[in-house]
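Visitor: Residue numbers (the UniProt record's numbering): 1 to 214.
We put the beta carbon where it would ideally sit given N, CA and C, even for glycine.
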């Protein structure tokens, strides 16, 4: 079975951006590109990556990663980092591997973003969260992120990694990082409704977003 990258769009005003991004990705990965001009077209067997516009298609239940190219014009950012969303308690291994490989083929840094929040007990503190407690909680989150990334650091030793632990809602943290990124990568749980990040990020990101199924 031949592996291919597929660009699919039936909106002429965005077809150029979608196809250009897919062409560059196909060149980076040494794979052939197929362009489908109808959003109802079947995705061929062997599709390694589907590239669409943000208004062309929903997430659906595609078995392959889907890259959403922004509807609004966005600047080209040669050498920009790949941003990976990491849930340290339920890491999406397929997304982690995809992001490391994307950084490898581009020769760029991977920024692993872990957005966290205070534990529920913090709401019971009458005078807010002491700095000592905040520091201890954050140190724990940093360690969890390092533990998740360790096997992929070994698998991809050529990829420089920046661990980015942020006390923010995940979608907000990723949208901020998308302003200077070349690609944002998030995971998607199989079946069920998409989560907040996969609902919001593909439509509002300032760079392309890859949604990778588990």
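(1) Under 8 Å, do residue 81 and residue 195 count as touching if we go by C-beta distance?
(2) What are the boundary residues of the alpha helix (DSSP H) that includes residue 74?
(3) Let me know the alpha helix (DSSP H) ranges lying completely inside the UniProt domain "UspA" (82 to 213), each 4 residues or longer, listed in chain order.
(4) Run through DSSP, which three-state label would residue 16 get?
(5) Measuring only from the beta carbon, is residue 92 closer than 7 Å to any heavy atom that is part of the ligand COA?
(6) What do you get for residue 167, buried or exposed, if any count of 16 or more other CB atoms within 10 angstroms of its CB means buried?
(7) For the pair the segment 85 to 101 and the segment 198 to 212, tell me if three or more CB-CB distances fall below 8 Å.
(8) Would you mind sorting residue 171 into buried or exposed? The rule is 16 or more other CB atoms within 10 Å of its CB.
(9) For residue 34, list the residues DSSP reports as bridge partners.
(10) Determine contact between the segment 67 to 75 and the segment 45 to 55, defined as no fewer than three beta-carbon pairs at a distance below 8 Å.
(11) Is the Cβ-Cβ distance between residue 159 and residue 85 less than 8 Å?
(12) Between which residues of its own chain and residue 113 is the CB-CB distance below 7 Å, once the five residues before and five after are set aside?
(13) Could you tell me which residues DSSP pairs with residue 68 in its beta bridges?
(14) Could you name the residues of the same chain whose beta carbon sits closer than 7 Å to that of residue 31, not counting the 5 residues immediately before and after it, in chain order?
(15) Using only the alpha-carbon positions, how far apart do residue 186 and residue 10 sit?
(16) Would residue 229 pass as a contact of residue 17 if the rule is Cβ separation under 8 Å?
(17) Which whole-angstrom value is the C-beta distance of residue 8 and residue 41, which I expect to be below 8 Å?
(18) In whole angstroms, what is the alpha-carbon distance linking residue 207 and residue 184?
Guide: Once the coordinates are examined:
(1) no
(2) Note, residue 74: premise wrong, no alpha helix (DSSP H); not H, not E.
(3) 93 to 106, 131 to 155, 170 to 178, 196 to 204
(4) helix
(5) The ligand content of the structure shown is nil, which means the ligand COA is not present either.
(6) exposed
(7) yes
(8) buried
(9) DSSP lists 6 as partners of residue 34.
(10) yes
(11) No, Cβ-Cβ distance for residue 159 and residue 85 is not below 8 Å.
(12) 83, 84, 85, 86, 164, 166, 173, 174, 177
(13) 52, 209
(14) 3, 4, 5, 48
(15) 25 Å
(16) An answer regarding residue 229 cannot be provided, because it is not within the stretch 1 to 214 covered by the chain.
(17) 6 Å
(18) Roughly 7 Å separates the two Cα atoms.
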